[in-house]
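Notes to accompany the following structure.
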Amino acid sequence: MHGINTDKEVMEFFPGMPSKEQTIEFINRMLKQFEEKGFCYFAVEKLENKEFIGFIGLSEQNYNAEFTPCIDIGWRIKSSEWNKGFATEGARKCLDYALNVLNIQNVYSVAPKCNKKSEYIMAKIGLTKLCEFEHPLLINNDRLKTCVLYKK
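If you're matching positions, the sequence shown starts at 1 in my numbering and goes up one per residue.
The following block contains the structure:
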């Protein structure tokens, strides 16, 4: 995961790259969230060789915005595995799990407006664009602060 988190292409639409310690904290937070809630950003492996290629899944978001707290669907895939359908296929399965197994009423997805690749996946999995907003955690980053909000 740390290798993915330090790939400049993967992290293009983030304000920085997590340290190894922050990556370990993230993994531990996901494990705890799964134990408590039954969902998290799940590890993704290629079926044919078990190669770890990133994460796709659901997580709670609690930053200060009109729509939070909420459940967010997101993904982060190794750049060498882009454009192979992994994010779309995995996100569809996670969305189905959220709506039909966990009975979550609303699932949101957020990305900086300039991240057209993620916005394309949001639309492709059936989410509807609600609005654009200034993300409170990115307010000091002119390139990333304007985000899109999608919902199912």
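Beta carbons: idealized from backbone N, C-alpha and C, even for Gly. None of these values were measured; they are calculated from a predicted model.
Give the C-beta separation of residue i and residue j to the nearest angstrom, bearing in mind that I take them to be a contact with Cβ-Cβ under 8 Å.
i, j, result
"I71", "A98", "7 Å"
Does the Cβ of residue i have 16 or more other Cβ atoms within 10 Å, making it buried, or fewer, making it exposed?
i, result
"I139", "exposed"
"C147", "buried"
"P112", "buried"
"N106", "exposed"
"C94", "buried"
"A87", "buried"
"G90", "buried"
"L130", "exposed"
What does the alpha-carbon distance come out to for the pair residue i and residue j?
i, j, result
"G74", "T128", "15 Å"
"F39", "S59", "7 Å"
"E81", "I53", "7 Å"
"F14", "L144", "8 Å"
"R92", "Y41", "13 Å"
"F133", "K46", "35 Å"
"K8", "E66", "31 Å"
"G57", "E35", "14 Å"
"L137", "E25", "19 Å"
"T23", "H2", "6 Å"
Please name the residue or residues paired with residue i in a DSSP beta bridge.
i, result
"E9", "DSSP output for E9 lists no bridge partner at all."
"T153", "Residue coverage of the chain in this structure runs from 1 to 152, which leaves residue 153 outside it and unanswerable."
"T23", "None; T23 has no bridge partner."
Query raised in the report: Enumerated in chain order, which unbroken segments of the beta strand (DSSP E) with a length of 3 residues or greater are wholly contained in the region 84-110?
Result: Runs of the beta strand (DSSP E) inside the region 84-110: none found.
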